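Contents: one structure, followed by commentary.
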Amino acid sequence: MHIGRAGYPSTMARDRRRRPTREEYQRGLYGYHDPTAGFGGAPPALSALTLRLWLAGIGVVVWTLAAIFAYTLGIRWLAVIMAVLAVVGIVDFAWVSHRKRRGEPG
1 MHIGRAGYPS TMARDRRRRP TREEYQRGLY GYHDPTAGFG GAPPALSALT LRLWLAGIGV
61 VVWTLAAIFA YTLGIRWLAV IMAVLAVVGI VDFAWVSHRK RRGEPG
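1 is the number of the first residue of the sequence shown in UniProt numbering; add one for each residue after it.
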């Protein structure tokens with residue numbers, strides 16, 4: 001396979017509307033979420049999905065416990081903020097899990 005401009009495989013550089021195949025996901029999408037892919041000779045970035053999954057899970061646990069603690073202390077506004085952050089963590093955890101199930105490395 002020939003690597004085209006900006007580190008993208010030449011087939012993806014020509015047809016960006018085409019959905020990547022499972023094999024392309026398993027190899028990793030070069031330059032995916034990397035605005036500087038290929039800039040200055042830098043290699044394309046690959047995502048660290050497992051690290052992001054762990055961080056999201058730890059964040060959900062910490063923010064949930066903090067929300068419960070703030071609620072029991074009577075600081076309702078802080079409990080709401082912590083609960084919203086826990087929900088954001090749950091959404092991130094679900095999205096990263098989806099990407100890993102799809103076959104992306106990391």
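By construction, the Cβ of each residue, glycine as well, lies at the ideal position given by its N, Cα and C atoms. In this text the structure is predicted, and so the values were computed from the model without any measurement.
Beta-carbon proximity of residue i to residue j, cut-off 9 Å
i, j, result
"F93", "V60", "yes"
"I68", "A79", "yes"
"A70", "G106", "no"
"K100", "T50", "yes"
Nearest-angstrom Cα separation, counted from residue j out to residue i
i, j, result
"E23", "R102", "10 Å"
"V84", "G57", "15 Å"
"I81", "A66", "10 Å"
"W95", "G74", "33 Å"
"E104", "W54", "16 Å"
Coarse secondary structure for residue i, derived from DSSP in three states
i, result
"E23", "helix"
"R18", "coil"
"L51", "helix"
Buried versus exposed, by CB contacts within 10 Å (16 or more), residue i
i, result
"A86", "buried"
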